[in-house]
Every structure is written in structure tokens, then in C-alpha cells.
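Numbering-wise, this note's numbering comes out as the position in the sequence shown, counting from 1, plus 13.
Everything on this sheet refers to the single structure shown next.
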Amino acid sequence: MAPSSGRRSSRPPSARKPPLVFIVVGPGGVGKGTVIRRLLERDDRLYLSRSWTTRPPRPGEHEDAYHFVDKASFLAHAEAGGFLEWAQVLDDLYGTPIPSPPPGKDLVLEIDVQGARQVLEIDPEAVCILLVAPSVEAQSARLRARGDSEEHVSRRIALGEKEVAEARRIADAVVVNDDLESTVSELAAIIEAARAGVTRP
Ligand code: 5GP
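Rendered as C-alpha cells:
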């Protein structure tokens with residue numbers, strides 16, 4: 014885990030009660046979904062929020078990956094105050110519904126940096142973890158493998174560079190997703206440290 018520039022200098026000294034909020038940000042193709050799935054398998058006290066999106070499902074994508082809706086339904090939900098945060102990413106809208114994790118569980122949000130900023134305004138104690146790819150090649154390969162077009166891969170890589178630069182300013186920790194199990198262990202350690210009320214993971 015590399016130190017980040019950070020945005021806070023202190024956290025309350027005592028352990029906090031659930032739900033803590035863990036925001037995982039990172040460019041497309043960095044493997045956030047895989048890392049988070051593995052993390053949830055290891056830690057049953059985590060609850061992953063299911064986002065809404067206007068993006069159509071990718072071929073082979075699990076129907077539970079998102080709540081897939083059309084733009085009118087998304088905007089109506091936003092208008093009704095149904096989102097904790099929402100943002101446009103490339104051509105589509107993505108939003109976190111107002112969360113209601115089961116009692117005792119901590120909340121995990123897999124969102125972009127615009128959404129992370131909104132959540133941190135609402136809950137400055139949320140822990141923001143930035144995942145980065147070991148290389149642009151690894152990131153592009155992952156995007157291609159999931160069926161993104163070459164044009165989309167280029168747009169994602171360009172957007173990803175901007176996202177990483179912005180996310181470094183708000184992240185509590187930066188983790189390079191090189192080896193899946195070590196990455197998951199690093200995230201698990203950050204989460205445990207936050208649960209214990211440690212000042213900085
Ligand atoms: P993808 O289309 O690859 O599933 O997601 C594109 C981007 O949208 C990713 O950076 C992902 O983290 C982000 N994203 C997914 N859900 C949400 C959400 O609820 N809110 C925001 N702000 N971004 C999201």
C-alpha cells in the first residue's frame with residue numbers, strides 16, 4: 014500500500030460503530046469488481062451496495078451486477094431523492110441508492126471519483142481506497158477481455174488517468190492490484206484498521 018496525499022489528518026481515537034463506509038475507486042479495468050467480490054467472500058461483515066445504471070448490460074454480465082434502468086427511470090429516482098450520490102461516467106449515469114445495510118454490516122461502495130467526493134461530503138469519515146493497475150497494459154488487457162471495443166478501451170484509459178490523479182487527492186490509501194490475494198489482504202487490513210479506529214490505515 015502506498016501512502017496517499019490524504020485529505021484528513023485525524024480520525025476519532027475510539028473504535029467506530031457500523032456502518033462504516035468504504036469507498037473503492039479506481040479506473041475501469043483495474044479489477045475493482047473482482048477484488049471486492051473476493052473481499053466480501055472473506056468478510057461477512059461487509060455489505061456491497063448495488064448501484065443503478067443506465068448502461069446496458071455487457072454480454073455475459075450478471076443481471077445482479079447493477080440495477081439496469083432507462084434514463085427516465087434513473088432521473089425520476091434522482092429527482093425523488095433516491096440516491097446517496099450519482100454521476101455521469103462517459104455516456105451513462107450511475108448512482109448509489111440510499112443505503113440500508115443489514116444491522117452490524119459495513120457498507121462498501123464501488124463508485125467513480127465524482128461519486129466518492131459526494132459521499133465524502135456527506136460522511137467525511139468514510140474510508141476511500143484507490144485501486145490502481147500495475148500497468149496500462151494490464152488495464153487495457155482487462156478491458157479488452159471483458160468485451161470493450163478498442164474505442165472504449167482508449168476512452169477508459171484516458172479517463173482512468175484523470176480519475177487516478179483526482180482520486181489520489183481524496184484517497185486514504187492507494188493499493189496496486191498486482192496479485193489478487195495480496196490486494197484483497199491489503200484492503201482487509203485497511204478495513205480492520207478503520208474498524209479499530211486507527212488514525213490512518
Ligand atoms: P462500469 O460501466 O465499468 O461498470 O462502471 C463505470 C464506472 O462507473 C466505474 O468507475 C464504476 O466504479 C463507476 N460506478 C459504478 N457504480 C457507480 C455508482 O453508483 N456511482 C458512481 N458515481 N459511479 C459508479
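Positions of the beta carbon are idealized from the N, C-alpha and C atoms, including for glycine.
Buried or exposed: where does residue i fall if 16 or more other Cβ atoms within 10 Å of its Cβ makes it buried?
i: E138; result: exposed
i: E92; result: exposed
i: S23; result: For S23, the predicted structure reports a pLDDT of 46, less than 50, and the residue's modelled location is therefore unreliable. A value from the coordinates is still provided. With fewer than 16 other Cβ atoms within 10 Å, it is exposed.
Alpha carbon to alpha carbon, how far is residue i from residue j?
i: G117; j: E163; result: 43 angstroms
i: E194; j: L61; result: 19 angstroms
i: V126; j: G210; result: 24 angstroms
i: D185; j: G173; result: 18 angstroms
i: T66; j: L52; result: 23 angstroms
i: V43; j: L143; result: 10 angstroms
i: A78; j: T196; result: 21 angstroms
i: P40; j: A85; result: 27 angstroms
Tell me which residue opens and which closes the alpha helix (DSSP H) that residue i is part of.
i: E54; result: 45-55
i: L156; result: 149-158
i: V82; result: Run containing V82: none; DSSP gives neither H nor E here.
i: A180; result: 163-183
Within the continuous beta strand (DSSP E) that includes residue i, where are the two ends?
i: E138; result: Counting along the chain, E138 falls outside any beta strand (DSSP E), and DSSP gives it neither H nor E.
i: T196; result: Premise fails: T196 lies in the alpha helix (DSSP H), 193-208, not in any beta strand (DSSP E).
i: E98; result: 96-102
i: E123; result: 119-123
i: D105; result: 105-110
i: A186; result: 186-189
Do residue j and residue i count as a contact pair if the criterion is CB distance below 9 angstroms?
i: L97; j: P112; result: yes
Taking one C-beta from the region 69-83 and one from the region 50-59 each time, how about it: are there three or more such pairs within less than 8 angstroms?
Judged by Cβ distances under 8 angstroms, the region 69-83 makes no contact with the region 50-59, as fewer than three pairs qualify.
Stretch pair the region 99-107 + the region 154-162: three plus CB contacts closer than 8 angstroms
With a cut-off of 8 angstroms, the region 154-162 and the region 99-107 do not count as touching, because too few Cβ pairs lie within range.
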